[in-house]
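For reference, the structure is listed below as structure tokens.
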Amino acid sequence: MYVTPPVSAQHAATISATGSLAQQLSDAFLTVRHETERRAAPLSPEDQLIQSMADASPAKWHRAHVTWFWEQFLLGEHQLGYKVFHPDYAYLFNSYYVSAGPRHARAQRGHLTRPSADEVTAYRRHVDDAVVKFFSEASEDKLASLVPLLEVGMNHEQQHQELMYTDILHAFAQNPIPPAYDADWRMPATTRDGDAWTTLTEGIHTIGHTSDSFHFDNEKPAHRALVGPVKLQRNLVTNREWRDFMDDGGYDKATLWLMDGFAAAAREEWQAPGHWRKIDGEWQIMTLGGLQTIDTDAPVCHISYYEADAFARWSGKHLPTEMEWEVAARANSLNDAYGIVWQWTRSSYAPYPGYRAIEGALGEYNGKFMVNQYVLRGSSLATPQGHSRVTYRNFFYPYHRWQFTGLRLADYGN
Ligand SMILES: [Fe+2]
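The sequence shown begins at 1 in full-length UniProt numbering and counts up by one.
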């Protein structure tokens, strides 16, 4: 049975500290590359091609795109005489890096019956071999200077590993059959103990990443922020609580909703969280294990920011800010902060004070998305081991709900 192991609250270094630097990098690189293929292994070539909506990408494309990333930013720039595997692949598998050249339309990634899944496997092997060879031949100083780039490459591939799960689940959820990615998959166990609320007294706190360990540029600069007084819900909101919201007509009461949210709910005909289906009068949920009955004690999942906000208003509460979440998580006051569902905050995805994107094409990684999106904190059951940390800022548009997204509430006592 496959159950995603719990994720440590703190950053687990991707690169170990034993052996030569070349060996450490090679081990870390191959571990990440293997995980991508492990996640793709249950998928047929047909499964790997499907793009069930513009926001999702085919598994085959994910496998090739992360490979292009290594070819483009490591081998192409630092391996003298490197020959690309195929001259067309940069166009097909560049995602959004304008600085790296023209690219195929995102919404048409599912049109690419060729290259085949086997050809993508050959592409991956070509690049794996070239990267390992590069590690074995480069000087220690050269490798040391490239560690930040290599860590971005590995963490980038881990982000796509999560998307491989969310994207294939969305595709399978459109299928009437309905398929299971892994018939033995079950929702990870959750924790529900202690007081319902944790109190943050008023104080000035450091927010953001403070050390040199790996982080994305959007987690810096660390800065001071006034937080509290506020109470945060220790536990994640459950399906039982969400059913109460639904049974009370939550999806139909315009007064509970942001205007854009109510329009999105009407347009998309939302009456329940994403991937829920009503069969013979009973709600069921499409999961990586196929269609399952709703576990009322499990955290609600696949909700948009709009729905989270409406639920909070219905509850007479609020969504926390990302700063409040970070302060409570640093104090280990939140149950299931990591490894179950990402948690919506009401913080817009904006630059921290003094933020500047890094120079070059990789400056396009985060900074240019800092508008019209909301921050989610924690991590989800699909997040790879070692990819979570307390300063991590995930972000999606407020109407997105195909990720593993849930919520916990904030209470200001008013
Ligand atoms: Fe990417």
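From the three backbone atoms N, C-alpha and C, an ideal C-beta is built for every residue, glycine too.
Skipping 5 residues on each side, what residues in its chain have a beta carbon closer than 8 Å to that of residue i?
i	result
residue 169	181, 275, 286, 287, 288 and 402
residue 236	190, 299, 300, 335, 336, 340, 341, 343, 406, 407 and 408
Go through its chain and collect everything with a Cβ distance to residue i's Cβ below 6 Å, but skip five positions before and after it.
i	result
residue 26	132 and 135
residue 254	262
residue 283	276 and 294
residue 264	306 and 399
residue 100	72, 94 and 361
residue 394	342 and 376
Would you decide whether residue i is buried or exposed? Buried here means 16 or more other CB atoms lie within 10 Å of its CB.
i	result
residue 210	exposed
residue 410	buried
residue 219	buried
residue 16	exposed
residue 13	Confidence at residue 13 is low in this model, with a pLDDT of 44, below 50, so its placement is unreliable and no value can be given for it.
residue 122	exposed
residue 111	exposed
residue 226	exposed
residue 20	exposed
residue 24	buried
residue 49	buried
residue 174	exposed
residue 309	buried
residue 332	exposed
residue 273	buried
residue 303	buried
residue 271	exposed
residue 151	buried
residue 53	exposed
residue 34	exposed
Spatial neighbours of residue i within its chain, please: C-beta separation below 7 Å, excluding the five flanking residues on both sides.
i	result
residue 330	390
residue 109	51, 57, 58 and 61
residue 440	In the structure as shown, the chain begins at 1 and stops at 414. Residue 440 is therefore absent and cannot be evaluated.
residue 321	345, 346 and 347
residue 207	222, 223, 225, 323 and 326
residue 82	75, 76 and 130
residue 492	What is shown of the chain runs 1 to 414, which leaves residue 492 out entirely.
residue 292	284 and 285
residue 104	91 and 92
residue 328	198, 200, 232 and 334
residue 41	none
Can you grab the Cα-Cα spacing for the pair residue i / residue j, in whole Å?
i	j	result
residue 372	residue 223	22 Å
residue 117	residue 64	9 Å
residue 449	residue 230	This structure leaves residue 449 out entirely; the chain is present only between 1 and 414.
residue 194	residue 239	20 Å
residue 352	residue 215	14 Å
residue 248	residue 115	50 Å
residue 98	residue 202	44 Å
residue 319	residue 55	25 Å
residue 37	residue 316	45 Å
residue 185	residue 306	29 Å
residue 260	residue 252	14 Å
residue 79	residue 161	26 Å
residue 68	residue 94	7 Å
residue 205	residue 228	10 Å
residue 126	residue 85	7 Å
residue 349	residue 378	15 Å
residue 367	residue 279	43 Å
residue 138	residue 148	16 Å
residue 18	residue 70	24 Å
residue 177	residue 171	12 Å
residue 311	residue 396	18 Å
residue 163	residue 87	26 Å
Where does residue i fall in DSSP's three states?
i	result
residue 171	helix
residue 185	coil
residue 370	coil
residue 411	strand
residue 381	coil
residue 391	coil
residue 347	strand
residue 363	helix
residue 190	coil
residue 405	strand
residue 23	helix
Item to check | Any alpha helix (DSSP H) of 4 or more consecutive residues that is wholly inside the UniProt domain "DinB-like" (29-161) | outcome: 45-49, 59-70, 89-93 and 117-137
Checklist entry - Taking only runs of the beta strand (DSSP E) that begin and end inside the UniProt domain "Sulfatase-modifying factor enzyme-like" (199-336), which ones reach a length of at least 3 residues, in chain order? => result 203-207, 223-227, 230-233, 276-279, 282-287 and 290-293
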